[in-house]
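In the working numbering, the protein residues as written are 1057 to 1378. By construction, the Cβ of each residue, glycine as well, lies at the ideal position given by its N, Cα and C atoms. Okay, so here's the structure we're looking at.
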């Protein structure tokens, strides 16, 4: 059973990263993060904070779009194209089908979010050109440009010589080269002197990015559950509505706490509180993010994702596939 689940997961992951729209969205997000200092340079003493806010928001919204589009292509299209019928007709089970699809898309989301997080932390290190005398981390800029050039060159070579899909080749090459850049400068300060690992990086921004990973998993679980029954447009509307309610749940239901504990607990039980994943306010206030809190966030995201995956299994069990 585990072998079949692994096969479905691997197939869903490959299908997701091979989609041109996946590559395009990630590329646009990376460009927005890398160029965000040019938009923040006209603010007064809030430039770095704005870069962090824009970067986290870009990672979050890109994750939402990738979740809906990937789930629609990997789940809905297979159901409508009767590919899912050939899978569930074998001794696999519909539950394993939904779980495997979720895990595959979630892994692709993790790869994309990880890549965007690396670029955001490197962008924060470079700094914002707020004045002519501002000293930027020029070596990091050149290293990122070199990583981007090598990424495209490696993807083209893999596609031409080994017939590898270009979108997935770009993603894997970008992860490899930008990881090397990040690891290399994690031991170097702005004067290129050796320092302790991550001492020259903004670790609080890195923690804030990590806190978004379980949120991406929750959004993926919602998208997969919707894709078992709904079309792309309806799934998009449902996921955006779910995201909005989850983001505003703490504000919407705080008035119920004074009325009844039951009325307060019921919506919080049925609807995740996405504010626990958002660390932008902590970064703006200059507060430290404890590692223990990140473990709590990861556990909370895992529980919410599991509940939504079970909901997707239930919805898919009752669907007739012809």
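- Residue pairing from DSSP leaves residue 1201 without any beta-bridge partner.
- Going by C-alpha positions, residue 1157 is about 18 Å away from residue 1269.
- The DSSP-derived three-state label of residue 1250 is strand.
- Within the same chain, and ignoring the five residues on either side of residue 1335 in sequence, the residues whose Cβ sits closer than 6 Å to its Cβ are 1264, 1267 and 1345.
- Residue environment analysis places residue 1093 among the buried positions, since at least 16 neighbouring C-beta atoms fall within 10 angstroms of its C-beta.
- If you ignore the 5 residues before and after residue 1122, its C-beta comes within less than 7 Å of the C-beta of 1078, 1081, 1165 and 1168, all in its own chain and listed in chain order.
- Per DSSP, the beta bridge partners of residue 1244 are 1250.
- With 16 or more neighbouring CB atoms inside 10 Å of its own CB, residue 1284 falls in the buried class.
- With at least 16 other beta carbons inside 10 angstroms of its own, residue 1072 counts as buried.
- In the structure shown, residue 1257 adopts coil according to DSSP, grouped into three states.
- For residue 1183, there is no enclosing alpha helix (DSSP H), since its DSSP letter is neither H nor E.
- Exclusion of the five residues before and after residue 1230 leaves 1171 and 1207 as the residues of its chain whose Cβ lies within less than 7 Å of its Cβ.
- Contact annotation: residue 1279 and residue 1160 have beta-carbon atoms that are not nearer than 8 Å.
- Assignment of residue 1235 by DSSP, reduced to helix, strand and coil, places it in the helix class.
- Put simply, the backbone Cα of residue 1341 is about 16 Å away from that of residue 1332.
- Rounded to the nearest whole angstrom, the C-alpha separation of residue 1234 and residue 1304 is 35 Å.
- Note that the C-beta distance between residue 1150 and residue 1369 is below 8 Å.
- Excluding the 5 residues flanking it on each side, residue 1113 has same chain C-beta neighbours closer than 8 Å at 1336, in chain order.
- The criterion of a C-beta distance shorter than 8 Å is not satisfied by residue 1249 and residue 1180.
- Residue 1330 is a Cβ neighbour of residue 1271, given a cutoff of 8 Å.
- Residue 1176 is positioned such that its CB atom lies closer than 8 Å to that of residue 1111.
- Per DSSP, residue 1336 is one residue of the alpha helix (DSSP H) stretching across 1336 to 1341.
- By a beta-carbon distance limit of 8 Å, residue 1251 contacts residue 1244. Their separation comes to about 7 Å.
- A straight line joining the alpha-carbon of residue 1131 with that of residue 1343 spans about 41 Å.
- About 19 Å separates the Cβ atoms of residue 1155 and residue 1295, ruling out a contact at the 8 Å cut-off.
- Going by beta carbons, residue 1211 and residue 1225 fall inside the 8 Å limit.
- Between residue 1261 and residue 1371, the C-beta spacing is not below 8 Å.
- DSSP, read as helix, strand or coil, puts residue 1270 in helix.
- DSSP places residue 1157 within a helical segment (H, G or I) once states are collapsed to three.
- Residue 1291 has its alpha-carbon roughly 12 Å from the corresponding atom of residue 1299.
- One thing to note: residue 1327 has its Cβ within 8 Å of the Cβ of residue 1301.
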